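Structure first, commentary second.
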Amino acid sequence: MSALVEIRSLSKVYQRGRQRIEVLHHINLDVAQGEFVALMGPSGSGKTTLLNLIGGLDSPTEGTLAVAGERIDQLGQGALARWRAAHVGFVFQFYNLLPMLSAQRNVELPLLLTKLKGAERRRNASVALQLVGLADRATHKPGELSGGQQQRVAIARAIVSDPTLLVCDEPTGDLDRQSAEEVLDLLQQLNRAHGKTIVMVTHDPKAAEHAGRILHLDKGTLVESEQAAA
Amino acid sequence: MRFAHLLWAGLTRRKGRSVLTIVSIAAAFLLFGLLASVYGAFTSVGRNAAAAHRLVTLTRGSYMVGLPVGLYGKIRAVPGVRAASYVSGFFGTYQSLQQPVGGEAIGPGYFRVFPQYTIAPAAWRAYRRTQMAVLAGRMMAKRYHWTVGEQIPIRAPGFVRRNGSAVWTFLIAGLYTSKPRGMENAILMHWSDLDLGRAAHRGRVDAFLERIAHTRQATEIARRIDALSANSSHETKTQLSSALAARTVRQVADLGLIVYGIMGAVFFTLVLLSGNAIAYAVRERTPEWAILKTVGFTGEAILAVVLGESVLMLVLGALCGLALARGVVVGLNLRQGPHVPLAPVAQLIWVQGLALAVLVGLVAGVLPAVRAAHQSVTEGLRNL
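Sequence lines, in order, name chains S and A. Residue numbering for the first sequence follows our numbering, beginning at 344 and increasing consecutively. Residue numbering for the second sequence follows our numbering, beginning at 39 and increasing consecutively.
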C-alpha cells in the first residue's frame with residue numbers, strides 16, 4: 344500500500360516570549376492510503392499539534408511533510424487553505440459548527456470555495472447528510488441537535504468535498520458512549536466502504552480499537568506503534 | 039453572492055445589537071437625507087431655465103417702503119422686456135397661529151413671467167372675473183382641506199385693512215400646480231384687491247418682475263430699468279432672479295460649509311461607532327473565523343466576509359435612514375409654511391447616501407477584517 348502521508352524528521356517549536364517549546368521532535372511517520380490510524384498519548388504529548396500539521400492547519404518548524412506527494416510544508420497560508428479545502432476533512436471534539444447556520448448550510452461551507460453552483464452544492468450537502476443519517480435534520484440549527492447529531496453533521500461537512508484524508512481530533516471526547524459508538528462506526532464505514540484515510544487523535548482506548556493501527560506519542564516523540572484489533 | 043447567507047447569518051447572530059447599530063446608522067443617514075434636502079432646497083432656489091430669463095427689480099432703499107406701482111408701465115416699455123408684472127408678499131394665518139398661509143398679491147402679466155404654473159381654464163376664468171378671489175396651490179389646499187368655491191378667512195396682522203380689521207376673506211377660485219412643486223405651498227391673489235383693501239403702503243409693490251428673451255441681454259436691460267428711477271426717491275436695483283436667489287442664500291450663511299461640517303462630524307462619529315461594533319462582533323467570533331479557515335477559507339475570503347457584513351449593515355441602516363428622511367421631507371412639505379419647501383430626497387441623494395454607506399462600511403470594517411484574515415487557525419480553535 345502506498346503512503347498517503349509521508350512525514351520525515353518533523354519538528355515543531357513554539358516560541359512563547361523568550362521560551363522555546365519543542366512540541367514535536369523529529370517525527371517519522373507514513374500513513375498508507377486507506378489506512379485508519381489512531382494517535383494516542385497523554386495530554387501535552389503533541390497529538391493535536393501533529394494532527395494540525397498533517398491537516399495543514401499549521402506549518403512545521405523543521406522536516407518534511409508530504410500528502411499524496413505534495414509537500415505541504417512548503418505551501419504558504421493561502422495555498423495551504425486551498426489545499427485543505429480540496430484534500431482534507433476535519434472533525435473536532437466540539438463539532439465546530441457555525442451556530443447560526445442550519446445543518447445543511449454548515450455542510451455546504453467547504454463547497455462555497457468550489458466552482459459548484461448553488462443547486463449542486465445543496466445536492467452534495469444533502470447526499471452527505473443522508474450518508475450520516477441526518478437527511479431529516481437538514482434545516483435544524485446546531486443548537487437544536489444532540490451532541491451525537493452535531494458530530495455527524497461535522498462528519499458530513501468533512502466528507503462533502505470528497506477529500507482523501509480525514510483528520511479527527513477527539514471526535515468522541517464530548518459524546519456519551521452510545522453516540523460515540525455511532526460516530527466511530529460511521530468513521531469506520533467511511534474508511535472501509537469509501538476508502539477514506541483517517542488519522543484520529545483520541546484518549547479513549549475503546550475508540551482507538553476502531554482504527555487499524557494505533558500510534559503512541561509521548562513528549563513529542565513517537566514511541567510505539569501497534570496493530571489494533573479492528 | 040456565494041457568501042450572502044453567511045453575511046446575513048452574521049448580521050442576525052446578535053439581533054439586538056445589530057438592530058441598535060442599524061438604528062444608529064439610520065439616524066445618521068436620516069440627518070444626511072434631511073440636510074441634503076435643506077441644502078438642495080436653498081441652492082436650487084431660482085436655479086431653473088425660467089429663472090435664467092427673469093429679472094427682479096427691487097428698491098435700493100427700504101424694503102418696507104417698496105416701489106411705486108406707477109413704474110410698471112415704464113418697465114414694460116423697456117426694449118428687451120417681453121413681459122412684466124409686480125408682486126407684494128402677503129402673510130397670515132388660517133384659523134390658528136399654527137396654520138400659516140403665505141402668498142403673493144400679483145399684478146397683471148404674472149403668469150407670462152412665471153410660465154411654470156398650471157391652472158385649469160375654468161379656474162383661471164373664475165379667478166379673473168372675481169374680486170377677492172385667490173388661486174390656491176395644490177399642496178396648501180390639501181394641507182388645509184380647502185375646496186374650490188370655499189371662503190377662507192386669513193388673519194394677517196401685518197396687512198391691516200382700511201376698516202381696521204386684520205381678517206381678509208378670500209374665495210378660492212381654483213387650484214394651481216407648479217414646477218417645482220414647492221411653489222404650490224402658497225396662494226396667489228389680485229394685487230389690486232390687496233391694495234384697495236389695505237390701510238397702509240397703498241400704491242406700493244415689493245418687486246417688479248421682468249421676463250427677457252436672452253440672458254446675455256440681462257445686464258443691459260437691467261441698466262435700462264434702473265435708469266428709469268435714477269436720482270429719484272425710489273432708485274431700483276435690477277438683477278437676474280437666479281443671481282438674486284444665490285446671493286440671498288449666501289447672505290443667510292455659508293450653507294455648504296455648515297452642511298458639510300455637520301455631515302463630516304456625523305460620519306466621523308459613525309465610522310467610530312460602527313467600527314467599534316464590527317470590531318467587537320469580529321473579536322467575539324474569533325473561533326468561527328478559525329472554523330471557516332479550517333474548511334479552506336483563505337484570508338482574502340475572510341476579509342471579504344467581514345467587509346461584506348460591515349457594508350451590508352451600513353447599507354441597511356442607510357436605506358432605513360434615507361427612507362425615513364424621504365417620509366419626513368414629504369410630511370414637512372405638507373405641514374410647513376410657504377417658504378423654501380424642502381427639496382425631495384432625490385435619486386442623487388439616494389445614490390450619494392448609499393455610496394457613502396459603502397465607503398463608511400469599508401473604512402469601519404477594514405481593521406477588524408484584516409485582523410480576522412490574519413488570525414492563526416490554531417489560535418482561533420483554541421478559543422472554542
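The C-beta atom is built at its ideal place from N, Cα and C for all residues, glycine as well. Remember, it's a predicted structure, so these values are computed and weren't measured experimentally.
Any chain A beta carbon closer than 8 Å to residue i
i: Phe379/S; result: no
i: Gln417/S; result: no
i: Ala462/S; result: no
i: Met543/S; result: no
i: Asp401/S; result: yes
i: Arg359/S; result: no
i: Gly412/S; result: no
i: Met383/S; result: no
i: Gly421/S; result: yes
i: Ala428/S; result: yes
i: Leu488/S; result: no
i: Arg495/S; result: no
Listed by chain order, chain D residues near residue i by CB distance under 7 Å
i: Arg40/A; result: Looking for chain D here will not work: the only protein chains present are S and A.
Neighbourhood of residue i by C-beta distance below 8 Å, restricted to the same chain and skipping five residues each side
i: Lys484/S; result: Pro442, Met443, Leu444, Ser445 and Ala446
i: Val367/A; result: Gly71, Leu72, Ser75, Leu380, Ala381, Pro382 and Val383
i: Val304/A; result: Ala66, Leu69 and Phe70
Within-8 Å CB hit, residue i to chain S
i: Ile329/A; result: yes
i: Glu322/A; result: no
i: Glu222/A; result: no
i: Glu326/A; result: yes
i: Val408/A; result: no
i: Ala65/A; result: no
i: Val453/A; result: This structure leaves residue 453/A out entirely; chain A is present only between 39 and 422.
i: Ala30/A; result: Residue 30/A falls outside the range modelled here, since chain A spans only 39 to 422, and no answer is possible.
i: Ala342/A; result: no
i: Thr59/A; result: no
i: Arg55/A; result: no
i: His183/A; result: no
Residue i - partner residues in DSSP beta bridges
i: Phe379/S; result: Ile541/S
i: Lys275/A; result: Leu96/A
i: Thr207/A; result: Pro191/A
i: Pro514/S; result: The partner list for Pro514/S (beta bridge, DSSP) is empty, contrary to what the question assumes.
i: Phe129/A; result: Gly140/A
i: Leu370/A; result: Partner(s): none; Leu370/A has no beta bridge.
i: Glu567/S; result: His559/S
i: Pro106/A; result: Arg242/A
Pair within 8 Å by beta-carbon distance, residue i and residue j
i: Leu508/S; j: Val496/S; result: no
i: Val434/S; j: Gly491/S; result: no
i: Arg199/A; j: Gly235/A; result: yes
i: Met351/A; j: Gly391/A; result: no
i: Val139/A; j: Ile225/A; result: yes
i: Phe208/A; j: Met170/A; result: yes
i: Gly389/S; j: Val366/S; result: yes
i: Leu394/A; j: Leu380/A; result: no
i: Tyr124/A; j: Tyr110/A; result: yes
i: Leu518/S; j: Gln494/S; result: yes
i: Gly108/A; j: His239/A; result: no
i: Leu229/A; j: Ile144/A; result: Correcting the residue identity first, residue 229/A is Trp in this sequence and not Leu. The answer is yes: Cβ separation under 8 Å.
i: Tyr214/A; j: Tyr132/A; result: no
i: Ile370/S; j: Ile350/S; result: yes
i: Val503/S; j: Val566/S; result: no
i: Val348/S; j: Ile397/S; result: yes
i: Thr35/A; j: Thr257/A; result: There is no way to answer for residue 35/A, as the model of chain A reaches only from 39 to 422.
i: His486/S; j: Gln436/S; result: A small fix is needed here, since residue 486/S is Gly in this sequence, not His. Taking 8 Å as the Cβ cut-off, Gly486/S and Gln436/S do not qualify as a contacting pair.
i: Thr59/A; j: Ser312/A; result: yes
i: Phe306/A; j: Ala122/A; result: no
Cutoff 6 Å; reference residue i; Cβ partners in own chain excluding five residues on either side
i: Gly118/A; result: Ile250, Gln255 and Ile259
i: Leu419/A; result: Ala328
i: Gly130/A; result: Val139, Ile192, Arg193 and Ala194
i: Arg176/A; result: Leu213, Thr215 and Glu222
i: Thr276/A; result: Leu93, Thr95, Ala260, Ile263 and Asp264
Cβ-based neighbour list, residue i, same chain, cut-off 7 Å, excluding 5 preceding and 5 following
i: Gly375/A; result: Low confidence applies to Gly375/A: its pLDDT is 49, below 50, so where it sits in the model is not reliable, and the reading given next is rough at best. Pro138 and Gly140.
i: Arg500/S; result: Asn449, Val450, Leu452 and Pro453
i: Leu308/A; result: Ile63, Ala66 and Val398
i: Thr168/A; result: Leu209 and Ala211
Check your understanding: Does the pairing of the stretch 540-551 of chain S with the stretch 421-428 of chain S give three or more beta-carbon distances under 8 Å?
Key -> no
Review point. Okay, do the stretch 336-343 of chain A and the stretch 402-416 of chain A touch, 3+ Cβ pairs below 8 Å being the bar?
Key: yes
Exercise for review: Decide yes or no for the touch test of the stretch 177-194 of chain A against the stretch 89-96 of chain A: beta carbon pairs closer than 8 Å, at least 3 of them.
Suggested key: no
Exercise for review: Please determine if the stretch 67-74 of chain A and the stretch 354-363 of chain A are in contact, where contact requires at least 3 C-beta pairs separated by less than 8 Å.
Suggested key: yes
Check your understanding: Would you call the stretch 417-424 of chain S and the stretch 374-382 of chain S in contact, with 3 or more CB pairs under 8 Å?
Key -> no
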